[in-house]
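> Have a look at the structure that comes next, please.
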Amino acid sequence: MNTSISRRAFLKATGLTIAVSVTPFGYELLNASEKKKEALPGFKPNVWFEITPDNRVAITVGASEMGQGVHTALAMIIADELEADWKQIKVGHGPAAKEFKNPIWDDQITVGSASVRGFYDPLRKAGAAGRAMLAKAAASTWNVPESECKAEKGTVQHKKSGRSLTYGKLCLKAAKLEIPKDPPLKKESEFRYIGKPIPRVDIPEKVRGVATFGLDVAVPNMEIAVFSRPPAYGAKPISFDQKAAEGVKGVSKVIPAPMGIAVCAESLHAALKGRDALNVKWDKGTHPQLDNDFIEKSLIGNLDKPGVKVIEKGDSKKALGEAKKKVEATYFVPFVAHATMEPMNCTAYVRDGRCDVWVPTQGQLVAQLVASQVSGLPPEKVQIHTTFLGSGLGRRATPDFVVEAVIASKVLGKPVKVVWTREEDIKYDPFRAAMSHRIQAGIDDQGRLIGWSHKVVSGSIMKDIDPKAIESGIDFMSLWGLADFPGSPHDNRIMYDIPNLYIEFLISDLPIPVSPWRSVQNGPNAFVIESFVDELAHAAGKDPLEFRLQNLRNNMRACRVLEIAAKKAGWGKPVPKGQGRGIAQHSCFGTYVAQVVDLSVNEKSGAVKVDRIVAAIDCGPVVNPNTVKAQIEGSITIALSSALKEEVKFSNGGVKSANFDDYKVIKMSEIPEIEVHIVESKEKMGGVGEPGVPPAAPAVGNAIFNATGARIRRIPFTPERVLAAIKSNKT
Amino acid sequence: MISLNVNGKNYRVNVSDDMPLLWVLRDYLKLTGTKYGCGIGECGACTVHIDGKAERSCAIPVKEAQGRKIVTIEGLPENHPVKRAWIEEQVVQCGYCQPGVIMQVSALLSKSPNPDADKIISAMDDVICRCGTHARIKRGIKTAVQIMRKEGKRI
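The listed protein sequences correspond, in order, to chains A and B. Counting along the first sequence from 1, when you hit position 493 you're at 506 in this note's numbering, and nothing is skipped either side. Counting along the second sequence from 1, when you hit position 55 you're at 600 in this note's numbering, and nothing is skipped either side.
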């Protein structure tokens, strides 16, 4: 029988347990007890909640909590429609199970700003079903009409007789009822939690220092493993001293593996000493000449090679020939690291036909799959225990650390925690892909965009996720923000009205692994599009806001966020000398964001000081305005970090950057004032974890242009780069 | 044998002298609130108080912490103004760096109960947060100052 973990746990329920089965095609509700005796054919609950006689509501979700507030937001939706008292609510991570798939991605994966929008409607219905069943149970207890019973904050009230029963008292009776097919939802005006800044459920334990992250996992008898990894791409070990390493006090075993050589020991301290004693000699790898200069030359040089056609609309060549004004530019975006504050880690225990994995992961199913492949056990024998994530940023959807922990535990026959040092976390990060872009565009005498021809070169993100997806030569994740793809639910293309558009793409042949980084390539692509649009506005002799509004005339949502951000920031008011103001917009994951940046440039040193960023976001209906604002503040901050400071350094065929002393990220002294305006919107709900990222870098670049007249077509805007641009602009 | 005084308790642990204090706290005393972020004193996730000063426990060999008063996030009272302010202002996102941030802030406020903007920035400039909670850390500090003032508390 195909019994999954979540179904078994679901069937163990004792109180009123309602589950939601969501697929890309719709959803279905289920009461656990009414189906207990049957095999539940085809029913796959994604999320469920249970009301128990002790008057608690336990909610189990498949999405990973990495600081975005998903546990709180999903619980708010259920609690509101259920009319639960917020104090009754407890939320936890569910296991890995197909049933937990997010309908947007058809996978149990917390990426792409999709948790709340993927589950909003079904969770409302599930909560409403529970509320209706509890009211019905109360009505039959009191022998009064259902219409006289009202659910309110964890109780059902009969106002006429002044009677009241808690959900705990009613849950067993309610569990015997049939689930209503189409329970009535609350009116928006009746929302108790949705739309309110409810405090996050996970913050108190995080403030107390007792929240369990992956690195905090301790299993009896556990050993710690660290890996010695190749210093250059493709490098293989020539020799290493296994004896010396195993002679270090506390070291138990050295395990050579495909990704490196693991040293297992009783403590991290001993494992690191053992790794030093290994004294591995590596060969030079496949690209000994690779450094930053090599990378930039390769990516820009590849712009001259033929690529694959992505979009051809109208005749861009002809339009460019007829344009009143034509602009051409080449842009470059370097590799940046995720560098989540909690370095990669995973604990695994393989024994007696089962495998337990404790891991901060964004992708439970892929973690389960690789653990199954490495351990040789069927997936249902692999239990994934998701801990809190010390941030995700996309990095934790790649399961490399799971593979390592399972290998080590399988060989050792003991529980093993693999710990990546910060140096490994930076050097072996699958980075945000570096890209080069070349664009030509033309405008008519009214300042309207008439033609746009665009060439992109980038590493392939899909190569390691789904190699079949790039058989045509197109890596759609690299093109997010430039072009919509069939089945894509988002307005995620160049949103300007361009009658003649041509986009061509080429996968770079660099050996550097890449992966999604908060907003994926929307970040780099928006930097290019929105900087270049500013160049076009300048060529047209138009105000950058006015030019955007004119060429986005068919896109009300984009125009609205631009107008609101501009108004709140005082767009049009004079900017003092030495200062600059810039604007940019972008839409991704179903959400529109515009940002206005005010900054100062020190023309002697080239130092940029961002003073203020005003953002406007239209994400449709808002579940928790507090977390929406926090996500935009956070997105802006990390985007500024990459725009002002971050670039991975390479040398001798490998990564040179190693730790926060040479991979600098943004600091408190560089944080501007950040103002977030949530636009009231009845549009379809969009995501909020990532759409705040893309507009920041181009808005900064556009503000630097406004301040200095120098256009910088490459991030980061370091003082040296800004100074050089100012100097070359003057000559 | 190393003797340590942590959160008012005395411990004796059998570890090598040069083990960083961070790993003794986390792996031997099971005080996992103090976090590993960089191992070189650059990020502040491992910040604890040693004799009342904010110090990076990843960069201090355990033998140097002997005979000194160590306080970790777990030893800061639950009703500490900074902890309360952090909940009130909803500062935290992933929360991994926050124990260190809270220890850094509480050391600052015990020395200067009403720090100006420059003082705040210089105290907080070497603490890294990758979620981008900086704007809320500033708000949290203001709120903690207000709580202390309202209740006439020094920390």
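Yeah, the Cβ is synthetic: ideal placement off N, Cα and C, and Gly gets one too.
Please report the Cβ distance between Pro373/A and Phe401/A, rounded to the nearest whole angstrom; I am assuming they are in contact, meaning their Cβ atoms lie under 8 Å.
Numbered from its first residue, the first sequence carries residue 373/A at position 360. Numbered from its first residue, the first sequence carries residue 401/A at position 388. Between Phe401/A and Pro373/A the Cβ distance is about 7 Å, and since that is below 8 Å, they are a contact.
> Three-state secondary structure (DSSP) at Tyr515/A?
As a working note, residue 515/A is residue 502 in the first sequence. Here Tyr515/A sits in strand by DSSP.
> Pull the bridge partners of Tyr641/B from the DSSP assignment, please.
Your numbering for residue 641/B matches position 96 in the second sequence. Per DSSP, none; premise fails for Tyr641/B.
> Pick helix, strand or coil for Val169/A, following the three-state DSSP scheme.
Your numbering for residue 169/A matches position 156 in the first sequence. Strand.
> According to the neighbour-count rule (16 or more other Cβ atoms, all chains shown, within 10 Å of its Cβ), is Lys100/A buried or exposed?
Indexing the first sequence from 1 puts residue 100/A at position 87. Result: exposed.
> Give me the Cα-Cα distance between Tyr246/A and Val214/A, rounded to the nearest whole angstrom.
As a position in the first sequence, residue 246/A is number 233, starting the count at 1. As a position in the first sequence, residue 214/A is number 201, starting the count at 1. Rounded to the nearest angstrom, the two C-alpha atoms are 43 Å apart.
> Give the interface partners of Arg213/A over in chain C, defined as CB-CB distance under 8 Å, in chain order.
Judged by its chain identifiers, the structure shown contains no chain C, and its protein chains are A and B.
> Name, please, each residue of chain B whose Cβ falls closer than 8 Å to the Cβ of Pro193/A.
Start at 1 with the first residue of the first sequence, and residue 193/A comes out as number 180. Residues of chain B passing the Cβ test: none, with the nearest at roughly 36 Å.
> Can you pull out the residues from the region 277-291 of chain A whose beta carbon lies closer than 7 Å to at least one beta carbon of chain B?
Under the 7 Å Cβ criterion, the region 277-291 of chain A contributes Ser280, Leu281 and His282.
> 9 Å is my cut-off, CB to CB: does Ile692/B come that close to chain A?
Residue 692/B sits at position 147 when you count from the first residue of the second sequence. Not an interface residue.
> Taking its Cβ as the centre, do 16 or more other Cβ atoms sit within 10 Å of Ile251/A, making it buried, or is it exposed?
Here residue 251/A corresponds to residue number 238 of the first sequence, with the count starting at 1. That one is exposed.
> Return helix, strand or coil for Asp304/A, following the three-state DSSP convention.
Along the first sequence, one-based indexing puts residue 304/A at 291. Correct three-state label for Asp304/A: coil.
> Who are the Cβ neighbours of Arg684/B in its own chain at under 8 Å, not counting the five residues just before and after it?
Numbered from its first residue, the second sequence carries residue 684/B at position 139. Around Arg684/B: Glu634 and Val636.
> Would you kindly report the start and end of the unbroken beta strand (DSSP E) that includes Gly455/A?
For the purposes of this step, residue 455/A is identified with residue 442 of the first sequence, where counting begins at 1. Looking at the DSSP string, the run of the beta strand (DSSP E) that includes Gly455/A is Met448 to Ile456.
> Under the DSSP definition of a beta bridge, which residues are partnered with Ala284/A?
Numbered from its first residue, the first sequence carries residue 284/A at position 271. Partner(s): none; Ala284/A has no beta bridge.
> Contact criterion: CB-CB distance below 9 Å. Does Ala680/B meet it with respect to chain A?
As a working note, residue 680/B is residue 135 in the second sequence. At least one chain A Cβ lies under 9 Å of Ala680/B.
> Check the Cβ-Cβ distances between Met546/B and every residue of chain A, and say whether any is below 9 Å.
Reading the second sequence from its first residue, position 1 is the one you call residue 546/B. For Met546/B, the answer is no, since every Cβ of chain A falls outside 9 Å of its Cβ.
> For Lys680/A, would you say it is in contact with chain B, using Cβ-to-Cβ distances shorter than 9 Å as the test?
Reading the first sequence from its first residue, position 667 is the one you call residue 680/A. Yes - at least one Cβ of chain B is within 9 Å of the one on Lys680/A.
> Can you check the region 375-455 of chain A for any alpha helix (DSSP H) of at least 4 residues that lies completely inside it and give the ranges in chain order?
Whole alpha helix (DSSP H) segments, 4+ residues: 377-388, 413-425 and 435-440.
> Three-state secondary structure (DSSP) at Val713/A?
The sequence position of residue 713/A within the first sequence is 700, counting from 1. It is helical.
> Any beta carbon of chain B sitting closer than 9 Å to that of Thr604/A?
Taking the first residue of the first sequence as 1, we reach residue 604/A at position 591. It does not; no Cβ of chain B falls within 9 Å.
> On the DSSP letters alone, give me the boundaries of the beta strand (DSSP E) that Asn358/A sits inside.
The residue you call residue 358/A lines up with position 345 of the first sequence. First-last of the beta strand (DSSP E) with Asn358/A: Asn358 to Arg364.
> Considering only their Cβ atoms, is the gap separating Glu335/A from Ile463/A smaller than 9 Å?
By 1-based counting over the first sequence, the position of residue 463/A is 450. By 1-based counting over the first sequence, the position of residue 335/A is 322. Yes. Within cutoff.
> With 9 Å as the threshold, decide whether the Cβ of Ala604/B is near any Cβ in chain A.
Position 59 of the second sequence, counted from the start, is the residue given in the question as residue 604/B. No, Ala604/B does not count as interfacial toward chain A.
> Enumerate in chain order the residues of its own chain whose CB-to-CB distance from Pro565/B is below 6 Å, with the five nearest sequence positions on each side excluded.
In the second sequence, the residue the question calls residue 565/B occupies position 20. Excluding sequence neighbours, Pro565/B sits near Cys603.
> Quick test of the definition: if touching needs 3 or more C-beta pairs under 8 Å, does the region 343-353 of chain A touch the region 438-450 of chain A?
As far as the Cβ criterion goes, the region 343-353 of chain A touches the region 438-450 of chain A, which means the pair count is three or higher.
> Which residues of chain B have a Cβ atom closer than 7 Å to the Cβ of Thr434/A, listed in chain order?
Within the first sequence, numbered from 1, the residue matching residue 434/A stands at position 421. Within 7 Å Cβ-Cβ: Gly584.
> On the DSSP letters alone, give me the boundaries of the beta strand (DSSP E) that Lys608/B sits inside.
On the second sequence, position 63 is the one that residue 608/B refers to. Run containing Lys608/B: none; DSSP gives neither H nor E here.
> Any chance the region 595-608 of chain A sits against the region 655-671 of chain A, with 3 or more Cβ pairs inside 8 Å?
Contact between the region 595-608 of chain A and the region 655-671 of chain A is absent, because fewer than three Cβ pairs lie under 8 Å.
> Anything in chain A within Cβ reach of Gln643/B, meaning under 8 Å, just list it in chain order.
Within the second sequence, the letter at position 98 stands for residue 643/B. Chain A residues near Gln643/B: Lys219 and Val220.
> Helix, strand or coil: which one does DSSP assign to Ile91/A?
Here residue 91/A is taken as the residue at index 78 of the first sequence, counted from 1. The answer is helix: DSSP assigns Ile91/A an H, G or I state.
> Give the DSSP-derived three-state secondary structure of Gln81/A in the structure shown.
Indexing the first sequence from 1 puts residue 81/A at position 68. Three-state DSSP puts Gln81/A in coil, outside helix and strand.
> On a CA-only basis, which of Ala127/A, Ser177/A, Glu112/A and Trp61/A is nearest Gly143/A? Give me that one, please.
Along the first sequence, one-based indexing puts residue 143/A at 130. Selected option, being the one with the closest Cα: Trp61/A.
> Straight-line CA distance for Lys111/A to Val569/B?
Against the first sequence, residue 111/A aligns to sequence position 98. Against the second sequence, residue 569/B aligns to sequence position 24. Cα-Cα distance, rounded: 40 Å.
> Quick test of your reading: Arg613/B and Ile595/B, contact by CB under 8 Å. State the CB separation rounded to the nearest angstrom.
Your numbering for residue 613/B matches position 68 in the second sequence. Your numbering for residue 595/B matches position 50 in the second sequence. Rounded, the Cβ-Cβ distance is 5 Å, consistent with contact.
> With respect to the alpha helix (DSSP H) encompassing Asp663/B, which residues constitute its N-terminal and C-terminal limits?
Against the second sequence, residue 663/B aligns to sequence position 118. Where Asp663/B is concerned, the enclosing alpha helix (DSSP H) stretches over Ala662 to Met669.
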